[in-house]
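Protein chains: 4
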Amino acid sequence: MSRKIRMGMVGGGRGAFIGGVHRMAAALDGQIELVCGAFSSDPEKSRLSGQDLFLPSDRIYGSFEEMITKEKALPQGERMDFVSIVTPNHMHFPPAKMALENGFHVVCDKPLAFDMEEAYELERLVKQTGLIFALTHNYTGYPMVKQARAMIKNGDIGDIRKIVVEYPQGWLSTKLEEDDSQKQAAWRTDPSRSGIAGAMGDIGTHAENLAEYITGLHITEMCADVSTFVPGRLLDDDGNVLLRFNNGAKGILHASQISAGEENNLNIRIYGTKAGLQWFQMEPNTLYVKWLNRPMEILRTGVGNLYPEAQAHTRIPAGHPEGYLEAFASIYRNFAYCVRARLEGKTADPIYNDFPTVTDGVRGMNFIYKVIESGKSAQKWINV
Amino acid sequence: MSRKIRMGMVGGGRGAFIGGVHRMAAALDGQIELVCGAFSSDPEKSRLSGQDLFLPSDRIYGSFEEMITKEKALPQGERMDFVSIVTPNHMHFPPAKMALENGFHVVCDKPLAFDMEEAYELERLVKQTGLIFALTHNYTGYPMVKQARAMIKNGDIGDIRKIVVEYPQGWLSTKLEEDDSQKQAAWRTDPSRSGIAGAMGDIGTHAENLAEYITGLHITEMCADVSTFVPGRLLDDDGNVLLRFNNGAKGILHASQISAGEENNLNIRIYGTKAGLQWFQMEPNTLYVKWLNRPMEILRTGVGNLYPEAQAHTRIPAGHPEGYLEAFASIYRNFAYCVRARLEGKTADPIYNDFPTVTDGVRGMNFIYKVIESGKSAQKWINV
Amino acid sequence: MSRKIRMGMVGGGRGAFIGGVHRMAAALDGQIELVCGAFSSDPEKSRLSGQDLFLPSDRIYGSFEEMITKEKALPQGERMDFVSIVTPNHMHFPPAKMALENGFHVVCDKPLAFDMEEAYELERLVKQTGLIFALTHNYTGYPMVKQARAMIKNGDIGDIRKIVVEYPQGWLSTKLEEDDSQKQAAWRTDPSRSGIAGAMGDIGTHAENLAEYITGLHITEMCADVSTFVPGRLLDDDGNVLLRFNNGAKGILHASQISAGEENNLNIRIYGTKAGLQWFQMEPNTLYVKWLNRPMEILRTGVGNLYPEAQAHTRIPAGHPEGYLEAFASIYRNFAYCVRARLEGKTADPIYNDFPTVTDGVRGMNFIYKVIESGKSAQKWINV
Amino acid sequence: MSRKIRMGMVGGGRGAFIGGVHRMAAALDGQIELVCGAFSSDPEKSRLSGQDLFLPSDRIYGSFEEMITKEKALPQGERMDFVSIVTPNHMHFPPAKMALENGFHVVCDKPLAFDMEEAYELERLVKQTGLIFALTHNYTGYPMVKQARAMIKNGDIGDIRKIVVEYPQGWLSTKLEEDDSQKQAAWRTDPSRSGIAGAMGDIGTHAENLAEYITGLHITEMCADVSTFVPGRLLDDDGNVLLRFNNGAKGILHASQISAGEENNLNIRIYGTKAGLQWFQMEPNTLYVKWLNRPMEILRTGVGNLYPEAQAHTRIPAGHPEGYLEAFASIYRNFAYCVRARLEGKTADPIYNDFPTVTDGVRGMNFIYKVIESGKSAQKWINV
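Protein chains in written order, with this note's numbering: chain A, 328 to 711; chain B, 328 to 711; chain C, 328 to 711; chain D, 328 to 711.
Shown next, in the form of C-alpha cells:
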C-alpha cells in the first residue's frame with residue numbers, strides 16, 4: 328500500500344497549542360498525511376485554520392459531525408484513515424464515539440474523557456469495534472523511557488522498592504485564567520471543560536501513566552492531599568500523593584501548577600534492589616543508572632548497546648538531542664505502523680505496537696477520580 | 328581572653344565516623360582546642376585513641392564520668408570549657424546531663440536523645456542551668472542554606488505554598504548490619520542503641536530540621552507511610568510523609584536508606600508566590616532561584632551581594648568549593664564564639680548566635696515520635 | 328498561493344544519515360512537500376528509496392541530471408520549487424550548479440563544496456541568478472543561538488574579548504572507516520569524497536560558522552595544530568586553533584573526532600566586558616549568562632522575555648525540549664518562507680530571512696583551507 | 328613522637344587571603360600546630376595578627392629573619408619544625424632560602440619564586456640540605472585528581488592523545504587593582520611583586536601542573552597567544568596556548584582573569600585511546616569517565632572501589648562533599664606525615680609522600696617563562 332496514512336483532525340484551530348504539536352508529530356516521520364479537519368466549532372475559524380494548513384476547501388469541515396459523515400461517504404482510497412482529537416477534555420468523547428461508530432481509528436489527547444462514564448463507554452466501543460485507539464500520553468514515547476521500561480522488565484535493577492514521580496509546573500502560580508489571551512489556562516481551570524480535576528487531571532495523569540508504564544506495576548492504594556492555592560480557582564492546582572503498588576513498592580507522586588519557576592519538570596526515580604533509575608523529561612536523552620556500590624552510569628540516547636525498544640524510538644546519532652516533538656511523533660508513527668499493518672492485513676511489529684491505549688486512558692481517569700476522592704477523605708488509604 | 332575554647336570529647340574513638348568529623352570541624356577555624364576526651368567505653372581503646380590525637384595521657388579518660396569529674400577539679404584556666412558528645416543515640420543523654428549538671432556547655436550529635444523523656448529532661452536542664460547547648464544539625468551550617476533562610480525571611484520569594492524535602496541514601500539497601508566491620512550500620516539499625524526509628528531518626532530529622540530552619544515554618548500535621556524493606560531489619564529504612572505547615576503550606580518529606588545508588592542526597596525545594604528555591608547538599612554552594620516569568624538565577628557561595636548571614640558563613644572566594652566539613656565547622660565556630668562571649672561577659676553577635684539548640688532537638692525527637700506513630704496509624708492526619 | 332513549497336532531493340537514499348534528517352526537518356513545520364528525488368547514483372536504489380517515501384514512480388529519478396531536466400519540463404504549478412542536496416561533499420557542486428542554472432532554488436548540506444574553486448563558482452552563480460541558496464549549518468537554527476546573537480548585537484554583554492568554541496566527538500577514535508557497514512565514516516575520511524580536510528571540514532566549519540554567526544565577528548588570523556591520530560587515516564581527525572578576530576578578540580577553536588566518549592559536544596563560550604555567555608548543543612534549550620558581580624542567569628527556551636529572534640524559532644512552551652531536528656527544521660522553514668515570499672512577489676520577513684547562505688559557505692571553505700595551511704606551516708599566524 | 332608537627336608562618340596577616348587558607352588546611356587533620364609566625368612586614372600588624380590566632384606574644388615575630396633566628400635558638404623539643412610561606416611571589420625566596428639554610432623544612436605557596444634564578448637556587452638548596460619542601464599546587468590534593476592519575480598510570484584510558492586544561496576566572500575583568508581595598512588584585516597585577524606574568528603565573532601554572540601531574544606527561548613544545556585586555560594593566564590577564572607533550576599528545580591550555588562571570592573554573596579533559604576523563608575543580612568530587620561505545624561512568628569520591636590513592640585522600644563518606652580546603656589540607660597532611668617520618672627516622676608511606684615539590688616549582692617557573700616568551704614570539708613552536 329504505497330501511500331501515507333490519512334489523518335483528519337478535530338480541534339487544533341488558530342490559537343490552539345496542542346493541535347500544532349499533534350500535526351508536527353504526525354508529519355515528522357513521513358508516515359502520515361493530514362487530509363482534512365474540523366479545526367474549530369466556529370466554521371469560519373475552521374476554514375481559515377485549514378487554509379493555513381494548505382488543505383483543499385472541500386476537506387475543511389465546519390464540525391466533526393460533518394467531517395465524519397462526509398469523509399465516510401468518500402471512496403475508500405480517498406477518505407481519511409483516522410481521526411485525531413485535540414480538543415479540550417469535554418470534547419474528547421463526542422468525536423471519539425462517532426469516529427469509532429463510523430469505522431475510523433482514533434488518536435485522542437489525554438485524559439481520555441470528561442468523566443468515568445465516557446471513559447468506560449469509549450473502552451467498550453474500542454473493544455466492540457476492534458479499531459485502533461491511541462491516547463497521547465506522549466512522555467512514554469521517549470527512547471530513554473523505553474530503555475528504563477526494558478531494563479526493569481529484564482530485571483536489571485532488581486525488585487522495585489520505591490518510586491518517586493513528580494510533575495511540577497509553575498505557570499498557574501497566578502490567576503492566569505482571568506487573562507483573556509490565556510486560552511490554555513482558561514479551559515484547564517474550568518470544571519465544565521476540564522472535568523473534576525485541574526492539575527491532577529492535566530499532568531497528574533501523565534505522572535501516573537509514566538510510573539505504571541515504566542515499571543509495569545499498578546497502583547493499588549493511595550493517600551492524597553489535593554489543594555487549590557490560587558484564590559478563586561475552581562479546580563486543584565497542586566497535589567501530593569502517597570502510593571502503594573501491587574508488588575509492595577511504595578511511592579510518591581506529586582504534581583503542581585503553582586511550583587513557581589518550574590517549566591515542565593516531569594521526572595521519575597525508581598529504586599530497585601540492585602540499582603536506581605532517574606529520568607528527567609526536560610533532559611530526556613539521559614537516563615541515570617545508580618548502581619549499588621559501583622559507579623553511576625549515564626545512559627544516553629544512541630550511545631552503546633541500548634535495548635531494541637530504545638533504539639527503535641531513536642532517529643539520529645548520539646549527541647543530536649531529540650525532544651518532546653520526537654517523542655510525541657513516536658506515538659503517531661507507531662500508531663501509523665499499526666494502522667498500515669491493519670490495512671495491509673498484517674500483524675503489527677510488536678516493537679512498534681507500543682503506545683498508550685484506551686485502557687491506559689480508563690486507568691488514568693480512574694486515577695483522577697480516586698485522587699480527588701482521597702483528597703477529600705479523612706480515610707488514610709483509598710483502594711484503587 | 329587570649330586562648331582557644333577548650334573541648335573535651337565523649338566518644339569518637341578509633342573506628343568511629345562522626346567523631347573524626349566533629350574534631351575536624353572543631354579544628355578548622357582555629358577557635359577550639361581539643362584538650363581531653365573519653366573516646367570509648369573501653370578505657371584502653373580510649374587511651375589509644377587519645378594518643379592518636381596527641382593528647383597528654385592525663386587528659387585521656389576511661390569514661391565520661393571520669394572526664395567530667397576530673398576536669399571539673401582542674402583550675403578554671405585549664406579545664407575544658409565544653410563537652411562534645413559524639414556517641415550513638417542511647418549514649419547522648421547520660422554525658423549531656425552530667426555535663427550540664429557540672430557546669431559545662433555541650434555540643435551534642437543529633438538526634439537529641441534516645442527517647443522523648445530524655446529530650447524533655449535535657450531541655451529542662453539547659454533552661455535551668457543557662458548553659459549553651461548546640462545540636463549538630465550540621466546541614467544548617469551551609470552558606471546557601473543561610474542565604475535561603477534570609478531570602479525567605481526577607482520576603483524575596485513571597486508566601487510559601489509548597490515544600491519538598493528529600494533525604495535519599497542507598498547504603499542500607501542490603502543487610503549491611505550483619506557485616507561485623509560495619510559499626511555505623513549496626514548501631515543505626517539496632518533499637519537498643521538507635522531508639523524507636525531508623526531512617527526517620529537518622530536522616531528524616533535532618534530533613535525536618537532543614538525545612539523548618541530555612542522556612543521558619545512549623546509542621547502542624549503529618550501523614551506518614553513508614554517501611555522496612557530489607558528483610559529482618561528491625562527499624563524503618565524508608566519513609567514518605569505528607570506535611571502541612573502552620574501557614575497553610577503543604578509539603579512532602581521523604582527519607583530513605585534503601586534508595587539504591589543514592590549517596591547522601593539531602594535536598595529541598597521551596598515554592599513561594601514569587602519564586603521557588605532549590606538546594607542540594609551534594610552541591611552545596613549553589614542555590615537555584617526560579618523566578619516567575621523571568622530567568623532562573625544561580626546564586627553561588629561568594630558571588631555578588633548575598634545576605635550577611637550567607638557571607639558570615641563563607642570562608643573562601645567564589646569557585647573554591649566549601650563542603651560538608653566547613654558547614655559542620657560553622658556550627659562549632661558559632662558555638663565557640665558564643666562560649667567566648669559568655670566567658671568574656673559579652674553578648675554574642677546575633678549573626679553567629681545561630682546554631683541548632685536543645686529546643687530544635689526536642690522538635691526533632693517529637694518529629695520522630697509522630698512520624699512513627701503516623702506510620703502505624705489508620706488515621707490520615709496526625710497533629711504535631 | 329495555497330500550497331506547500333515543493334522539494335526535490337538529491338541523495339539521501341537507503342542507508343544514508345543526513346538525508347533522513349533533511350526530510351524530517353523539511354516536513355516538521357508543514358510548509359514543504361517532498362515531490363521528487365534522485366536518491367542515489369544507483370537508479371534501482373533511488374527507485375526503492377523513493378517508494379519508501381511514498382513518491383509516485385514518475386517522480387523518482389535515476390540521476391540528478393534527469394530530475395532537474397524532467398522537473399523543469401513540468402508545468403510551473405506542478406514542478407519542484409527547489410533542490411535539496413544531501414550527498415557527500417564531492418557531489419555538492421554538480422547538482423547545485425545545474426539546479427541554479429535551471430532556475431531552481433537550492434538547499435545544500437555543508438561544507439559548501441569539495442574545493443575552493445567550486446565554492447567561488449557557486450557563489451558567483453547564486454549572485455548571477457538571484458536564486459535563494461541555503462547552506463545547512465543547522466546549529467544556527469537553535470532558539471538560544473538566536474538569543475545569544477541578539478544579545479550580543481544589542482550590547483548586552485559588552486565588547487567581546489574572548490571566544491572559546493569546541494566541537495569534540497569520539498566516534499572516529501578507532502579506524503571505523505575500515506568497517507564496511509560504516510558508510511558515514513568511510514566517505515568522511517576519504518580525500519576523494521571529503522576534500523582536503525577530515526574533522527576540520529566536517530565539524531570544524533560548524534564551529535567556525537557558529538562563532539562568527541553568534542558574535543557577528545570575523546576571524547582575521549589563525550594558528551593551527553592539525554593532527555591525524557588514528558594510524559593509516561588519510562585526513563585529519565583533530566585540530567586545535569588559536570584565533571584572532573577583527574575587533575581584537577582572541578579565541579580558541581578545537582574540533583576532534585578522537586575525543587573518546589564525546590558524542591556531538593559542540594559548545595561555545597563568549598566573554599564580553601559585561602558578561603559571559605555559554606551554550607551547549609547537547610542541551611540546546613539553555614543559555615548561561617554569567618554576569619560580572621551578580622548571579623548567573625539561566626535563559627531557557629520559552630521562558631520570560633527572550634528576543635523576538637529566539638521566540639520566532641521556538642515552537643512549544645518552556646520545558647518541552649526542542650532538539651536537533653527542530654533547529655534543522657528552522658533552516659528549512661525560514662528558507663520555505665523566503666521561497667514563498669519570492670513566489671508571491673513579496674519581501675521576506677527579516678526575522679525569517681535568516682539562514683546560512685552561499686557566502687557563509689565560501690567563508691567556511693576558506694576556513695578549511697586556511698586551517699589546513701596553518702597546520703602545515705611553521706609560521707605562527709596565518710591571515711584569513 | 329607524640330606531638331603535632333610545629334609550623335611557623337611567614338605572611339598571612341590580617342586582610343590576607345591565602346594565609347588563612349594555609350592555616351585552615353594545616354589545622355584540619357590535627358597533625359600540625361601553628362606555634363609561631365611573622366605575619367607581616369609591619370611588626371605591629373604581625374603582633375595583632377598573631378594575637379588573633381591565640382599565639383603567645385614571644386612567638387609572634389616582627390620579621391621572618393627574626394622568626395628563623397629565634398626559633399632556631401629554641402630547644403629542639405620546642406621550636407618550629409617547618410616554615411610555611413604565604414607571602415606574595417617576590418617574598419617567597421628570601422624566607423625559603425633562610426629557612427632551608429637554617430635546617431627548617433618548608434611549605435611554600437606557588438609559583439615557586441619571583442624569577443627563574445631564585446627557582447633554581449631553591450631547588451639547589453633543597454637538594455643540598457635534603458630538607459622537605461612542599462609547593463602548594465593544592466589542586467593536586469583532590470581525591471578525584473588522585474583517581475584520574477592512578478587510572479592513567481594503570482592504563483585504564485589507554486594512550487593519551489589530547490589534553491584540554493582550562494583555568495578561566497572573571498574577577499579581573501575590570502581594573503580592580505585600582506581599588507585600594509583589593510590587595511589580592513594589586514599585587515597580582517604588579518610586576519614588582521608578581522614577576523613577569525599575571526594570569527599565566529597566578530593560575531596558568533596551576534593548569535600546567537595539574538595536566539602534568541594527572542597524566543605523568545611533560546610539555547615539550549608550546550605556542551602561546553598572551554594578552555592584556557584591561558587597559559593600563561601591566562601584566563597579562565589572558566593566555567591561550569597550544570601544547571605538545573612528550574608522548575605525541577596534543578593539548579590546549581588556556582587561563583584567564585577576564586572571562587566574565589567565571590569563578591574559579593579550573594577543569595581538565597584528557598582523551599585516551601580507550602576513554603576520556605573530565606574533572607571540574609568547582610565540583611571536585613565527580614570524575615567523568617567517557618568510555619568508547621559504552622555508557623559514561625560517574626566516579627564519585629567515596630563510591631565503590633576507587634584506587635588507594637583516591638581513598639587515602641578522602642575523609643568522609645560519599646555524598647558529604649569535600650572541597651578546596653580539604654584538598655589543600657591533604658598537601659599539608661602529607662607533608663606532615665613525611666616530616667614526622669623524618670623526625671622518627673622512618674621512611675614515609677609512598678601513598679602520602681605525594682605533594683608538589685621544589686622540582687615541580689621549577690617546572691612551573693619554566694612554564695611561565697616559556698609562555699611569556701612564546702606570546703612575544705613570531706616563531707610558532709617554542710621548545711620547553
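By construction, the Cβ of each residue, glycine as well, lies at the ideal position given by its N, Cα and C atoms.
Quantities reported herein were computed from a predicted structural model and do not represent experimental measurements.
Contact of L569 of chain D with chain C by beta-carbon distance below 8 Å involves C550, D552, N567 and L569.
Per DSSP, reduced to three states, the secondary structure at I484 of chain C is coil, with no helix or strand assignment. Proximity of chain D to K372 of chain B at the Cβ level (cut-off 8 Å) is not reached, the minimal Cβ distance being about 17 Å.
Chain order gives no chain D residues near F391 of chain B, where near means a beta carbon separation below 8 Å; the closest approach is about 21 Å. Our two residues, L503 of chain D and A353 of chain D, have alpha carbons roughly 30 Å apart in a direct line. Using a CB distance below 8 Å, the part of the stretch 632-656 of chain B facing chain D consists of R642, I643, P644, A645, G646, H647, P648, E649, G650, Y651, L652 and E653, ordered along the chain. Across the set D:E360, D:H419, D:D356 and D:I345, the C-alpha of D:E360 shows the shortest separation from the C-alpha of G335 of chain D. When only Cα atoms are considered, W498 of chain A and V568 of chain A end up about 21 Å apart. Contact annotation for S583 of chain A against chain B: K489 [CB-CB distance below 7 Å, chain order].
A direct Cα-to-Cα measurement between V433 of chain A and A461 of chain A gives close to 6 Å. For A423 of chain B, the uninterrupted alpha helix (DSSP H) segment begins and ends at F420 to E428.
With its beta carbon at least 8 Å from every one in chain C, R667 of chain A lies outside the interface. For the stretch 698-709 of chain C, residues whose beta-carbon sits nearer than 7 Å to a beta-carbon of chain D comprise A705, Q706 and K707.
Rounded to whole angstroms, the separation of the alpha carbons of R571 of chain A and A576 of chain B is 24 Å. The alpha carbon of S367 of chain D has as its nearest neighbour, out of D:C550, D:P415 and D:I595, the alpha carbon of D:P415. Among the residues facing chain C, S508 of chain D is not included, as its CB has no counterpart in that chain under 8 Å away. One Cα belongs to L561 of chain C, the other to F694 of chain C, and the distance between them is close to 20 Å. Contact note: M478 of chain C does not reach chain B at a C-beta cutoff of 9 Å; the least C-beta distance is about 12 Å. In this structure, the beta-carbon distance from A551 of chain D to G528 of chain D does not fall below 8 Å. Put simply, the CB of R621 of chain D is near chain A, with a gap under 8 Å to one of its CB atoms.
Put simply, the CB of L626 of chain A is near chain D, with a gap under 8 Å to one of its CB atoms. The continuous beta strand (DSSP E) containing E360 of chain A extends over residues I359 to A365. Listed along the chain, the chain B residues whose CB falls inside 7 Å of the CB of V472 of chain C amount to none; the nearest CB is some 17 Å away. With respect to chain B, the C-beta atom of V362 of chain D has no partner C-beta closer than 8 Å. Excluding its 5 nearest sequence neighbours in each direction, D442 of chain D has C-beta neighbours in its own chain below 8 Å: G522, I523 and M692, listed in chain order.
Nearest in C-alpha terms to E445 of chain A, of all of A:I459, A:P422 and A:Y615, is A:P422. The residues D563 and D564, in chain order, have a CB closer than 6 Å to that of T555 of chain C in the same chain once the five nearest residues on each side in sequence are set aside. Distance from the CA of F662 of chain D to the CA of V685 of chain D, rounded to the nearest whole angstrom, comes to 13 Å. Closest in C-alpha terms to H464 of chain A, from the list A:F431, A:T456, A:P438 and A:I585, comes A:P438.
One finds N567, I579 and H581 in chain C with Cβ atoms closer than 7 Å to the Cβ of I579 of chain D, taken in chain order. Rounded to the nearest angstrom, the gap between the Cα atoms of V689 of chain D and H349 of chain D is 21 Å.
Rounded to whole angstroms, the separation of the alpha carbons of P644 of chain C and H581 of chain B is 31 Å.
Among the residues of chain A, those whose CB is under 7 Å from the CB of E590 of chain C are R627, V630, A645 and G646, following chain order. Taking a contact to require three or more Cβ pairs closer than 8 Å, the stretch 484-501 of chain C and the stretch 582-599 of chain C qualify as touching.
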